[in-house]
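**Q** The C-terminal residue of the sequence shown carries number 322 in the numbering used here, and the numbering is unbroken.
So that we are looking at the same thing, I have put the structure below in structure tokens.
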Amino acid sequence: MTRTIDTAIHDIAVGDGHVRVETAGRGTPIVLLHGWALDRSLWRRQVEALADRFMLVAIDRRGFGGSSAPPGLRREGSDLMILLNRLGLDRIVLVGMSQGGRVALHFAMDHPDRMLGLVLQGAPLDGFQPEPRGADRIPISSYAALVRDGRIDRMRMLWRDHPLMRVADPAAQRAIAEMLDGYDGRDLAAPALPLTAMAGDLEAIHAPALVVTGEEDTPWRHLVGDAIAYGLPNGRRARTAGGHLCNLTHADGYNALLDGFVRWIEPARQPQ
């Protein structure tokens, strides 16, 4: 049964527009970064389940959802710092799904003093080899060409049918369709500078970390997840039911992992 949760919406100025943030609950702050072409509604089932124990902060990353700031992966770390300071948040548990996981890894490296913990879900790793192939590969160039040709509906349809996005649950299908309907292709129409490679730098991230992969996610995502968990000095590996969107399709198991991890690291916040 769906619970009604009181949330607050904040449009936080970040210099070249605003980033939309939705907050709910109180307690240890968990900041949620969605994947490519999605928006903050991806985390609705986490907010509903966990807001009675933690503070949930779901962000429309720049270029997506209700955020007006133009796309730019290299700007997202600065955005995070601005919103943390505006919301009065000191140390956080940062959760990054897929492309959001790339942002989370770079933020954890650049701002260790703001990290209580790190959760990565189906995240890629910049500079990792081998690169994805076959069904693991995302044909970004083809998608970008469709957007430039004014065929974004075709691009959305192809992405919805990609193995990373394919789900069987009708409710999850509707949620994905709604998110993709709101995706306008800004980042494909005007690509920003990529993030720097960091595959060899994971040992510099000392925050406790949980690396989660859905059991039905693609082989490359499992391979990368294993490498990230191995490379992080305080990384833990977990698998759960579902695929790339396991937090949406199999929320109960995912929420249990997230809840358990945050409860496990909470004592680290207390003075010794």
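By construction, the Cβ of each residue, glycine as well, lies at the ideal position given by its N, Cα and C atoms.
1. Using only alpha-carbon positions, find the residue among 287, 266, 283 that is nearest to residue 275.
2. Should residue 175 and residue 59 be called a contact, given that it needs their Cβ atoms to be closer than 7 Å?
3. Closest to residue 213 by C-alpha separation, out of 244, 294, 238, would be which residue?
4. Am I right that residue 100 and residue 305 are in contact with their C-beta atoms under 8 Å? What's the rounded C-beta distance?
5. Determine the direct distance from the alpha carbon of residue 127 to that of residue 140, and round the result to whole angstroms.
6. From residue 162 to residue 154, what does the alpha carbon distance come to, in whole angstroms?
7. Note down, one range per segment and in chain order, each alpha helix (DSSP H) of at least 4 residues found wholly within the region 133 to 200.
8. DSSP state of residue 97, grouped into three classes?
9. In this structure, how does DSSP classify residue 243 when only helix, strand and coil are distinguished?
10. Would you call the CB atoms of residue 62 and residue 136 closer than 7 Å?
11. Are there 16 or more other CB atoms within 10 angstroms of the CB of residue 280, so buried, or fewer, so exposed?
12. In chain order, what residues of the same chain have a beta carbon less than 7 Å from the beta carbon of residue 191, not counting five sequence neighbours either side?
13. Thinking C-alpha only, which one of 233, 172, 211 is nearest residue 114?
14. Applying the 10 Å Cβ sphere with the 16-neighbour rule, what's the burial state of residue 171?
15. What's the gap between the Cα of residue 160 and the Cα of residue 239?
16. Does DSSP put residue 212 in a helix, in a strand, or in coil?
17. For residue 348, which residues does DSSP report across the bridge?
18. Assuming residue 129 and residue 110 are in contact, meaning their beta carbons sit under 8 Å apart, how far apart are those beta carbons, in whole angstroms?
19. Could you spell out the range, first to last residue, of the alpha helix (DSSP H) harbouring residue 228?
20. Specify the secondary structure class of residue 105 as computed by DSSP and reduced to three states.
**A** Reading from the atomic positions:
1. 287
2. no
3. 294
4. 6 Å
5. 15 Å
6. 11 Å
7. 149 to 160, 190 to 198
8. helix
9. coil
10. yes
11. exposed
12. none
13. 233
14. buried
15. 28 Å
16. coil
17. Within the shown structure, residues of the chain are numbered from 51 to 322, placing residue 348 beyond reach of any answer.
18. Not really, about 10 Å apart at Cβ, beyond 8 Å.
19. 220 to 231
20. strand
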